[in-house]
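**Q** The structure that follows is given in the form of structure tokens.
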Amino acid sequence: MVATTVGSSDLGRRRSFWLAPNLVYGLAASAICFSIVAWILGRDGGPLNLVWGLEINQIMFLAYGAAILGFFAGIGFLTYPVRWLFGYTPSAEDQGEAYGRPGDISRYFRVSLDHKVIGIQYLVTVIVFFCVAGFTAMLIRTELLTPNVKLADPEVYLSLVTEHSVTMLIVASSVIIGPFINFFLPLMIGARRMAYPRIEALSFWTFLLALITLPTMFFFGGSQAGWTGYAPLADQMHAGHDAYIVTWALTGTSMIVSAINILATVLLMRAPGMTWSRINLSIWASIVASILAWLAAPILIAVQTMVAYDRSVLTGLFVPVQGGSAFLYENLFWTFGHPEVYILAVPTFGIVLDIIPVFARKPVYAYKASVVSMFGIGLLSWFVWQHHLFVSGLTPGLRPFFMFSTEMISFPTGIIFLAGLGTLFGARIRFNTAMLFAIAFFPNFLLGGFTGMFVSDVPADIQLHGSYFVQAHFHFVLMGGTFFGLFAAIFYWFPKMTGRKLNETLGQIQFWPMWIGFNGTFITLAIVGMLGMSRRYASYEPSLQTANDVATIFAYLLGASIVPFLINVVVSWRWGEKAAANPWNARSLEWMTATPVPVDNFEEIPLVVAGPHTYGMAEPMAILKPSEQTTGVVSAGN
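In this text, residue positions in the sequence shown follow the numbering used here: the first is 259, and each later residue adds one.
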């Protein structure tokens, strides 16, 4: 493999933070561009307004387009393509500056081409916006302490629901792939970098801009359409719904470019000897998720673009009175929406199956079956979306097929469970915080699967659709699976990412309230849903108040568990115990390089001689300096 390297001697000049493009300038340029375009086009009596007669939604989309350009200009992302168009060739010093100097905090606020910096940028962004979405969840639960509206106007309440759900879904879309696959994929396969560093940077900054864009809806009336944004309700929303549309379009773009980069990196940049049977399960999981994202995200962008046309130029694609079909929107949205569930879940499967063998000191059980199951889940995810439409006028003859296909997806998922439990069986387990979160994934996701059997069944779904039972089911899958996997990954890989270990005592203080609070909240809400409480309403039957109060108390416990985590991250990152290069005695390739990881990852491209879960072998997984070996050559295979 031939790769461009950036040594420490090439890192170039270090410009002052305020003399280089950065996040602050990007946000400022974005706000200025939005304001100028909105003022020019929207000013009563203005020349452009008189000529074009633009409506509010047309102005909003043009202003958001200007804001996006301003943001990317402000962070300096457009500098390279503009220079390239004029024939400029970057020097070694320019390349070095694009990677940044180790230890320079300002590189995390600028465009960087170092996959490790991008991984940290993703991690911090995920944590921050996870807390933002969690805070809105606490506001929602506080509102539901009593049956009547008291803290907010119903429109504000519904906008908070939209903010919480969309933010959490965007965060979840990159919760594993963003921080950990970007950081560790090149290390796991013996590469120096990702295949396309600038595309990798684009995926992060587009992801961040999506999360920043969504809250701007509150300046323009918010959006009361929920996270699905169903038409024709979306066509009737305030101008704030335009922020929702732009947010999903940016998210879809981020998912597509990230997927292309991951697939290209795995296909083209594996080290010699890194055969398909030797790559980590988290890499297999990211391949499946990337294929799904590559195919599904364009549908999301397309359907939101169609809504934008309906709102701005009155095409009526989803408006029945204009000859459109609201049912078409539901089909298109869920054609994306259900593969999206597995874009979130499958990477967590891989992470958990990579972590458990380390602390069980056993090879992963049923490695090949797990890989096949992940691809089976990805394939079946395209045939289950219609169970969301059982109450929306779906042709009755199609109901049995989609009920069966939805229930079929439990079989490959069950094999993933079998692999995890088989690895734990008979093992001498080290119950540290990373392992606790990894093990907790199984009962949490099991509850998600159990409740999912009800919503896949036509008679049960007709009764439960739109209730808190469905919300509880979704949270068991999303938070109980994906976010518990996130915390397992943070505690496991934090030493390699930062050079410091997280405090185990604070980790235990976080884990137990979080697990108890999570299950207490959503088991109670599942019961409330079976009793008939509809979701997304700020008021409910007084007879359900006690159950809602119990759910809210557990939710507060869940929210409070984030406090020791934040303290742990901040304190440990700065003053925590210094970590050895391989504190867990793991066998996979990312633990064989130095801590902190060098700019080029490896002195030489390693020669891989074994798989990542070969516990019981004395030999390492790879030869780090193959040029010093006089005998034995292992060729790269497929």
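Virtual Cβ for every residue (Gly too), placed ideally from N, Cα, C.
Since this is a predicted model, take the numbers as computed values, not measurements.
1) For the alpha helix (DSSP H) containing ILE697, list its first residue and its last residue.
2) Please report the straight-line C-alpha distance between PHE867 and GLY574, rounded to a whole angstrom.
3) Specify the secondary structure class of SER725 as computed by DSSP and reduced to three states.
4) So, for VAL429: in the same chain, excluding its five sequence neighbours on each side, which residues have a beta-carbon less than 7 Å away from its beta-carbon?
5) Can you tell me the Cβ-Cβ gap for TYR798 and ASN806, rounded? I've got them flagged as a contact below 8 Å.
6) Output needed for PHE860: all residues of its chain with C-beta closer than 8 Å, excluding positions within five of it in sequence on either side, in chain order.
7) Classify VAL897 as buried or exposed, calling it buried when 16 or more other Cβ atoms lie within 10 Å of its own Cβ.
8) Quick one: is MET875 buried, meaning 16 or more other Cβ sit within 10 Å of its Cβ, or exposed?
9) Considering only C-alpha positions, which residue in the set VAL808, VAL610, TRP506, ALA677 is nearest to MET426?
10) Would you mind listing the alpha helix (DSSP H) stretches within the segment 275-337 that are 4+ residues and don't spill past its ends, in chain order?
11) Bridge partners of ILE881, per DSSP?
12) Identify the residues that DSSP records as bridge partners of SER901: which are they?
13) Below 8 Å on the Cβ atoms is my contact criterion, and I expect THR400 with GLU421 to pass it. Report the Cβ-Cβ distance as a whole number of Å.
14) Would you identify the three-state DSSP class for LYS836, choosing helix, strand or coil?
15) Are there 16 or more other CB atoms within 10 angstroms of the CB of TRP463, so buried, or fewer, so exposed?
16) Would you decide whether ASN826 is buried or exposed? Buried here means 16 or more other CB atoms lie within 10 Å of its CB.
17) Secondary structure at ARG619, three-state DSSP: helix, strand or coil?
18) Per DSSP, ARG341 is paired with what?
19) Nearest-angstrom Cα distance between PRO670 and PHE703?
20) Have a look at GLU235 and LEU445 and give me their C-alpha separation to the nearest angstrom.
21) Three Cβ pairs or more, each shorter than 8 Å: is that satisfied between the segment 545-558 and the segment 489-503?
22) Just reading off the alpha helix (DSSP H) that GLY743 is part of, what are its end residues?
23) Exposed or buried, which one is ASN843 when buried takes at least 16 other CB atoms within 10 Å?
24) Taking Cβ to Cβ, would you say MET737 is nearer than 8 Å to PHE776?
25) Between VAL911 and GLY707, what straight-line distance do the alpha-carbon atoms span, to the nearest angstrom?
26) Should ALA880 and PRO856 be called a contact, given that it needs their Cβ atoms to be closer than 8 Å?
27) Can you check whether the CB of ILE434 is closer than 8 Å to the CB of ILE609?
28) What residues in its chain sit with their C-beta under 7 Å from that of GLU835, if we drop five residues either side in the sequence?
29) Would you say LEU542 and ILE518 are within 8 Å of each other, going by their C-beta atoms?
30) For my contact list, ILE667 and LEU647 are in at a C-beta cut-off of 8 Å; report their separation, rounded to the angstrom.
31) What is the rounded straight-line gap between the Cα of THR779 and the Cα of SER461?
32) Fully enclosed by the segment 389-472, which alpha helix (DSSP H) runs are 4 residues long or longer?
33) Expressed to the nearest angstrom, what Euclidean distance is found between the alpha-carbon atoms of ALA296 and THR474?
34) Apart from the five residues on each side of it in sequence, which residues of its chain come closer than 8 Å, Cβ to Cβ, to VAL892?
35) At which residue ranges does the segment 632-682 contain complete alpha helix (DSSP H) runs of 4 or more residues, listed in the order of the chain?
**A** Well, looking at it:
1) 691-714
2) Rather than Phe, the amino acid found at residue 867 in this sequence is Val. Each residue's alpha carbon lies about 60 Å from the other.
3) strand
4) VAL384, PHE387, PHE388, ALA391
5) 7 Å
6) GLY448, ARG450, THR851, LEU882
7) With the chain covering only 259 through 896, there is no way to say anything about residue 897.
8) exposed
9) TRP506
10) 281-300, 305-310, 314-332
11) LEU865
12) Given a span of 259 to 896 for the chain in the structure shown, any question on residue 901 remains unanswerable.
13) Not confirmed; about 15 Å, so no contact.
14) Strand.
15) buried
16) buried
17) coil
18) None, per the DSSP bridge assignment.
19) 14 Å
20) One cannot answer for residue 235 here, as it falls past the ends of the chain, which runs 259 to 896.
21) Not touching, per the Cβ criterion.
22) 742-756
23) exposed
24) yes
25) Given a span of 259 to 896 for the chain in the structure shown, any question on residue 911 remains unanswerable.
26) no
27) Yes; because the gap between Cβ atoms is below 8 Å, this pair is in contact.
28) ARG758, LYS759
29) It is Trp, not Leu, that sits at residue 542 in the sequence shown. Cβ atoms of TRP542 and ILE518: not closer than 8 Å.
30) At roughly 17 Å, the Cβ-Cβ gap does not stay under 8 Å, so ILE667 and LEU647 are not in contact.
31) 34 Å
32) 412-431, 440-447, 455-471
33) 14 Å
34) Its pLDDT being 47, under 50, VAL892 is placed unreliably in this model, and the coordinates cannot settle the point.
35) 657-666, 668-682
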